[in-house]
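A.B. asks:
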Amino acid sequence: MNPPPPPPLQHLPPAPPAPRKGLGAGWIVLIVVGAVVVVLAALGVMAMPYYERIRKMAQEMKSGQMKPKLQAPQPLTEAQKQGLAEFGEELAEVLNQQDTAKLAGMVDNEEFSSRVFDNLPAGLPNQGAIRSGFMKGIQQRKGGWLWNLMGGDLRFLRARERQGFPVVVLRVKTPEGAVSYVDLMVRPQGEGFQVMDMFNYIFATTASEESRNVLGVMLSKSSGSSLAALFGMPRLDPRTGDLLVKINEASRAGKVEEVLSICEGLPPELKTQRSFFIIRLQALMNLSASSKYDEQYKEALRAAPDILGKESSTDLLMVDLLFMENDFKGAEECIKRVEAVVGGDPYLKFLRGGALMKMKDYDGVLKLADEAAREEPQMAELVDLRLAAYMAQKNYKAAVDELRAFKRNFGQVLDRKALSDEAQYAGLLASPEFAAWEKEAAQP
Numbered sequence: 463m464n465p466p467p468p469p470p471l472q473h474l475p476p477a478p479p480a481p482r483k484g485l486g487a488g489w490i491v492l493i494v495v496g497a498v499v500v501v502l503a504a505l506g507v508m509a510m511p512y513y514e515r516i517r518k519m520a521q522e523m524k525s526g527q528m529k530p531k532l533q534a535p536q537p538l539t540e541a542q543k544q545g546l547a548e549f550g551e552e553l554a555e556v557l558n559q560q561d562t563a564k565l566a567g568m569v570d571n572e573e574f575s576s577r578v579f580d581n582l583p584a585g586l587p588n589q590g591a592i593r594s595g596f597m598k599g600i601q602q603r604k605g606g607w608l609w610n611l612m613g614g615d616l617r618f619l620r621a622r623e624r625q626g627f628p629v630v631v632l633r634v635k636t637p638e639g640a641v642s643y644v645d646l647m648v649r650p651q652g653e654g655f656q657v658m659d660m661f662n663y664i665f666a667t668t669a670s671e672e673s674r675n676v677l678g679v680m681l682s683k684s685s686g687s688s689l690a691a692l693f694g695m696p697r698l699d700p701r702t703g704d705l706l707v708k709i710n711e712a713s714r715a716g717k718v719e720e721v722l723s724i725c726e727g728l729p730p731e732l733k734t735q736r737s738f739f740i741i742r743l744q745a746l747m748n749l750s751a752s753s754k755y756d757e758q759y760k761e762a763l764r765a766a767p768d769i770l771g772k773e774s775s776t777d778l779l780m781v782d783l784l785f786m787e788n789d790f791k792g793a794e795e796c797i798k799r800v801e802a803v804v805g806g807d808p809y810l811k812f813l814r815g816g817a818l819m820k821m822k823d824y825d826g827v828l829k830l831a832d833e834a835a836r837e838e839p840q841m842a843e844l845v846d847l848r849l850a851a852y853m854a855q856k857n858y859k860a861a862v863d864e865l866r867a868f869k870r871n872f873g874q875v876l877d878r879k880a881l882s883d884e885a886q887y888a889g890l891l892a893s894p895e896f897a898a899w900e901k902e903a904a905q906p
């Protein structure tokens, strides 16, 4: 989701470019493919088929003889709530810095594994060995099951609850300006906390759910569709497991078009199954800079609410579609709804400002920029947004004030060379206000 702000300045800290569409490329949270990475390590320990036991498992599911779901912890004390906010701040920094040693102590892999396996029917063949392989896959991957958040631009927003569990809400942003949100679900551990699962707002799914879905596909490779049904999967084509492995290999090699090609070749019933739909949609997100995929992308975006369900924050996806269709008012309303769901985020005010720029509401742009700056003073993207509004208003005095503030806040001077490549700054560069600024900026 990245409404087009003005082109980035040459010396500005990385800000979103002016993409043709909202979400742009470089999508981060690869929920399904991320699950494949840790599930594949379990494949070697599977001894299938166990048809009689699978039929018994199906009967247990129908009769409700299932393992109980994990219980939420007791409500947090006020001191714990404060500690959770501090944990969220630290966790975002650890993920940004890719500090795997420190991250290891902040994540409870056993509890995550329990959320994957304890919701399965009792008597799953070779469950102990499969679970052991699953844990091995987590341990072998840098960052474990949170690997797809490592090295991103993450910001802690707030602490709250989901399904009775404490969570820290993180904003996840790519260098291209694409944005998503995750809840990292935690459990109190001694005097601190550990992460036990991740909820993705766009797809309304958790990492444990998708790991379980992938297990269903991979196990069904050798056991048939009876086991797939236990995992909530449709009747599977025998090639499905192999295709998922190929998707994983192509994704990790950066071959996004190959991922999309595999998805387009799936049977119709699998194209609309949640896990495979998510993979296809993420591939289209990454390819959305090319008009070649416009119609496929639009079709997928329109189908998303029905397939992903009401709990998903599909407004994050609809913003992209509305920008593609030049419905900027609709895009702004979508962003407002996202703000309500995640509890507010200054970056969403910046994105709303991009929509207002398209509607030529320059006073509204500047108001949103000021609100966002009060909440997140170091958001460099706001400089672009303000300068665009000032250029449209021909308010060169205010533009120079912005350049002065940028030098003060970021320690960089945006001089004539930095601005001359963009036609929108021609009036500013010819103004007496800028000439005076040049002399001022040259002073030691």
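Adding 462 to a residue's 1-based position in the sequence shown gives its number in this note's numbering.
Glycine is no exception: its CB is placed at the ideal position from the N, C-alpha and C atoms.
(1) Taking only the alpha-carbon atoms, compute the straight-line gap between Arg907 and Asp704 and give it to the nearest angstrom.
(2) Indicate the three-state DSSP secondary structure (helix, strand or coil) for Glu757 in the structure shown.
(3) Let me make sure I understand the geometry here. Which of Met819, Gly792, Phe739 and Glu794 has the alpha-carbon closest to that of Pro767?
(4) What separation, rounded to the nearest whole angstrom, lies between the Cα atoms of Leu844 and Arg674?
(5) Are the beta-carbon atoms belonging to Asp569 and Gln651 less than 8 Å from one another?
(6) From the beta carbon of Val630, is the nearest beta carbon of chain C less than 8 Å away?
(7) Rounded to the nearest angstrom, what separates Leu810 and Pro729 at their Cα positions?
(8) Let's see if you can read the secondary structure: which residues bound the beta strand (DSSP E) around Ser642?
(9) From Ser713 to Val676, what does the alpha carbon distance come to, in whole angstroms?
(10) Starting from Arg742, trace the beta strand (DSSP E) both ways and give me its first and last residue.
(11) Roughly how many angstroms separate the alpha carbons of Glu548 and Phe618, rounded to a whole number?
(12) Report back the beta-carbon spacing between Ala745 and Leu722 to the nearest angstrom; my notes put them in contact at under 8 Å.
(13) Do three or more CB pairs link the stretch 608-615 to the stretch 784-802 at distances below 8 Å?
(14) Measuring CA to CA, which of Leu732, Gln533, Glu864 and Phe790 is closest to Glu573?
(15) Let's see if you can read the secondary structure: which residues bound the alpha helix (DSSP H) around Gly826?
(16) So what's Phe627 in DSSP terms, helix, strand or just coil?
(17) For the putative contact between Ala666 and Leu770, defined by C-beta atoms under 8 Å, what is the C-beta separation to the nearest angstrom?
(18) Output the boundary residues of the beta strand (DSSP E) element that contains Asn662.
(19) Kindly indicate the opening and closing residues of the alpha helix (DSSP H) around Met612.
(20) Assess, as a yes-or-no matter, whether the stretch 810-819 is touched by the stretch 846-857 under the definition of 3 or more beta carbon pairs within less than 8 Å.
(21) Give the DSSP-derived three-state secondary structure of Leu632 in the structure shown.
(22) Mind checking Ala497: buried by the 16 CB within 10 Å criterion, or exposed?
C.D. replies: So, from the listed chains and residues:
(1) No statement about residue 907 is possible, as the shown extent of the chain runs from 463 to 906 and does not include it.
(2) helix
(3) Phe739
(4) Computed Cα separation, rounded: 41 Å.
(5) Residue 569 is actually Val in this sequence, not Asp. In this structure, Gln651 does not lie closer than 8 Å to Val569 by Cβ.
(6) In the structure shown, chain C does not exist; there is a single protein chain.
(7) 38 Å
(8) Val641 to Gln651
(9) The straight-line gap from Cα to Cα measures roughly 15 Å.
(10) Taken as a continuous stretch (DSSP letters only), Arg742 belongs to no beta strand (DSSP E), being part of the alpha helix (DSSP H) at Arg736 to Asn748.
(11) When rounded, the separation of the alpha-carbon atoms in Glu548 and Phe618 is 9 Å.
(12) A Cβ-Cβ separation of about 4 Å places Ala745 in contact with Leu722 under the 8 Å criterion.
(13) no
(14) Gln533
(15) Tyr824 to Glu837
(16) strand
(17) Contact between Ala666 and Leu770 is confirmed by a C-beta separation of about 6 Å, below the 8 Å threshold.
(18) DSSP places Asn662 inside the beta strand (DSSP E), whose first and last residues are Gly654 to Asn662.
(19) From DSSP, Met612 is part of no alpha helix (DSSP H); its letter is neither H nor E.
(20) yes
(21) strand
(22) Because Ala497 sits at a pLDDT of 48, beneath the cut-off of 50, its placement in the model cannot be relied upon, and the following sentence gives the value as read from the coordinates. So Ala497 ends up on the buried side.
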